[in-house]
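> Here the numbering used here runs 343 ahead of the position in the sequence shown, where the first position is 1. Beta carbons are placed, not taken as given, at the ideal position from N, Cα and C, and that holds for glycine. For reference, the structure I am asking about is given below.
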Amino acid sequence: MVEVNAKLNGVQQVQVGPTLVLIHSPLVGPGSWQPVADELRKLGHRVVVPSLGPLADVEPPYYLSVAEQVADAVSVGSDDRLVLVGHSGAGALLPAIGAALAGRAGLSGRAGLSGRQCQAYGTVFVDAMLPHPGTSWFANAPTALVGQLRDLAVDRWLPPWHQWFPAEVIQALLPDEQMRADFVAELRPLPLAYFDEPAPSVPQWVPQRCAYLQLSEGYDAEAAQAQRQGWTVRHERADHLALLTRPARIGTLLDRLITMLLDPDHPAGDEEIE
Numbered sequence: 344m345v346e347v348n349a350k351l352n353g354v355q356q357v358q359v360g361p362t363l364v365l366i367h368s369p370l371v372g373p374g375s376w377q378p379v380a381d382e383l384r385k386l387g388h389r390v391v392v393p394s395l396g397p398l399a400d401v402e403p404p405y406y407l408s409v410a411e412q413v414a415d416a417v418s419v420g421s422d423d424r425l426v427l428v429g430h431s432g433a434g435a436l437l438p439a440i441g442a443a444l445a446g447r448a449g450l451s452g453r454a455g456l457s458g459r460q461c462q463a464y465g466t467v468f469v470d471a472m473l474p475h476p477g478t479s480w481f482a483n484a485p486t487a488l489v490g491q492l493r494d495l496a497v498d499r500w501l502p503p504w505h506q507w508f509p510a511e512v513i514q515a516l517l518p519d520e521q522m523r524a525d526f527v528a529e530l531r532p533l534p535l536a537y538f539d540e541p542a543p544s545v546p547q548w549v550p551q552r553c554a555y556l557q558l559s560e561g562y563d564a565e566a567a568q569a570q571r572q573g574w575t576v577r578h579e580r581a582d583h584l585a586l587l588t589r590p591a592r593i594g595t596l597l598d599r600l601i602t603m604l605l606d607p608d609h610p611a612g613d614e615e616i617e
């Protein structure tokens, strides 16, 4: 478990480690995080994996509605410390989720987090989109992918995520048949409106105590941007669904990244973690 040393009135204090909130992409299900959650619990962490529910059941505005879903699922008090960990498309949701959780704890209104409150949250992006306030998912995706998805849409609905690609792509990522079946069972059709909706601005969300864990080449640009912003960045040679196929390794990486993230004396930058 992460322990943070601090001094209060000159006396060394040891604070209990934060609760880790593992947030899955809204395009897939919470099962994508469960194996890693199990590994982190073995390492002594308190872990919550909220279910975002199918986007088909969410009322727009999507970002704020999903943020409230997470806040409903996570019990948080004004003295609690959380680390938000978002995979894939969840990265863009993290500022709104942080604001919603802070609001539930009585720390701030829904408009956002103050600098002090933001520092109480660590944030880790795992092969994830970065926040893009004021612009949509489509505006931040590769042009070819946007065109492909618009062509796939029928009556403004996209097929489930695994149907965006040839079957052999998912088979290569998840070669175990039962694991693949369990993963696919959580996938649902997706409203095109979600991808067109601009992300809300959370003006007081300041990206402090942030880290980026890159798993696949598809997120080179995001990892590079994270490094330019002075975040702690770790590059792991894996793939986008390594959360399912290599949970022990991903759990170890997150454990060490979070320890670094919450250490005020640890410099940001590229990290080599054995």
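Count the other CB atoms within 10 Å of the CB of Phe-468; is the residue buried (16 or more) or exposed (fewer)?
If you number the sequence shown from 1, residue 468 lands on position 125. By the neighbour-count rule (16 or more Cβ atoms within 10 Å), Phe-468 is buried.
> When you compare only the Cα positions, how much space is there between Arg-571 and Arg-599?
Residue mapping note: residue 571 aligns to position 228 of the sequence shown, counting from 1. Residue mapping note: residue 599 aligns to position 256 of the sequence shown, counting from 1. Distance between the alpha carbons of Arg-571 and Arg-599: 21 Å.
> Under the rule that 16 or more other beta-carbon atoms within 10 Å means buried, what is Pro-607, buried or exposed?
The residue given as residue 607 occupies position 264 in the sequence shown. When all chains shown are included, Pro-607 counts as exposed.
> Taking all protein chains shown into account, do 16 or more other C-beta atoms lie within 10 angstroms of the C-beta of Gly-594, making it buried, or fewer, making it exposed?
Counting from 1 along the sequence shown, the entry for residue 594 is found at position 251. The residue in question, Gly-594, is buried, as its Cβ has 16 or more Cβ neighbours within 10 Å.
> Tell me where the alpha helix (DSSP H) around Ala-564 begins and ends.
Working through the sequence shown from its first residue, we reach residue 564 at position 221. Its alpha helix (DSSP H) spans residues 563-571.
> Less than 6 Å between C-beta atoms, sequence neighbours within five positions excluded: which residues of the same chain meet that for Val-576?
On the sequence shown, residue 576 is found 233 positions in, with the first residue counted as 1. So the qualifying residues of the chain are Tyr-555, Ala-566, Ala-569, Gln-570, Asp-613.
> Going straight from the alpha carbon of Ala-618 to that of Leu-558, what length do you get?
Lying before the first or after the last residue shown, residue 618 is absent from the chain, which here runs from 344 to 617.
> Comparing C-alpha positions only, which one of Gly-360, Ala-585, Gly-387 sits nearest to Arg-424?
For the purposes of this step, residue 424 is identified with residue 81 of the sequence shown, where counting begins at 1. Checking every option, the nearest Cα to that of Arg-424 belongs to Gly-360.
> Would you grab the beta carbon distance between Ile-601 and Gly-465 for me? Rounded to a whole angstrom, and I think it's under 8 Å.
Indexing the sequence shown from 1 puts residue 601 at position 258. Indexing the sequence shown from 1 puts residue 465 at position 122. That belief holds up - the Cβ atoms of Ile-601 and Gly-465 are roughly 6 Å apart, short of 8 Å.
> Measure the C-alpha to C-alpha separation of Val-391 and Leu-492 and round it to an integer number of angstroms.
Locating residue 391 in the sequence shown gives position 48, counting from the first residue. Locating residue 492 in the sequence shown gives position 149, counting from the first residue. When rounded, the distance between both Cα atoms is 32 Å.
> Over what stretch of residues does the beta strand (DSSP E) that includes Ala-528 continue unbroken?
The count along the sequence shown starts at 1 and reaches residue 528 at position 185. Ala-528 -> not in any beta strand (DSSP E); alpha helix (DSSP H) instead, spanning 520-528.
> Could you check what DSSP says for Phe-481 in three-state terms: helix, strand or coil?
The residue given as residue 481 occupies position 138 in the sequence shown. In the structure shown, Phe-481 sits in a helix (DSSP, three-state: H, G or I).
> Beta strand (DSSP E) containing Ala-554: first to last residue?
Start at 1 with the first residue of the sequence shown, and residue 554 comes out as number 211. Its beta strand (DSSP E) spans residues 553-557.
> How far does the alpha helix (DSSP H) with Arg-493 in it extend, from its first residue to its last?
Mapped onto the sequence shown, residue 493 falls at position 150. 486-495 is the span of the alpha helix (DSSP H), which, as asked, contains Arg-493.
> Tell me whether Leu-495 is buried or exposed, calling it buried when 16 or more other Cβ atoms sit within 10 Å of its Cβ.
For the purposes of this step, residue 495 is taken as residue 152 along the sequence shown, with counting starting at 1. Leu-495 comes out exposed.
> Using 8 Å for Cβ pairs, my map puts Pro-503 next to Pro-532. What's the rounded Cβ distance?
Position 160 of the sequence shown, counted from the first residue, corresponds to residue 503. Position 189 of the sequence shown, counted from the first residue, corresponds to residue 532. With a Cβ gap of about 6 Å, Pro-503 and Pro-532 count as contacting.
> Please report the straight-line C-alpha distance between Tyr-537 and Tyr-406, rounded to a whole angstrom.
Here residue 537 refers to the residue found at position 194 of the sequence shown. Here residue 406 refers to the residue found at position 63 of the sequence shown. Cα to Cα, the separation comes out at about 8 Å.
> Take the Cβ of Ser-431 as the centre, count every other Cβ of all protein chains shown within 10 Å, and call the residue buried at 16 or more, exposed below.
For the purposes of this step, residue 431 is taken as residue 88 along the sequence shown, with counting starting at 1. Ser-431 is buried by the Cβ-count criterion.
> Pull the bridge partners of Pro-403 from the DSSP assignment, please.
Counting from 1 along the sequence shown, the entry for residue 403 is found at position 60. Answer is none; Pro-403 lacks a bridge partner.
> Rounded C-beta distance between Ala-439 and Pro-509? I'm assuming under 8 Å.
In the sequence shown, the residue the question calls residue 439 occupies position 96. In the sequence shown, the residue the question calls residue 509 occupies position 166. Ala-439 to Pro-509, Cβ: 33 Å. No contact.
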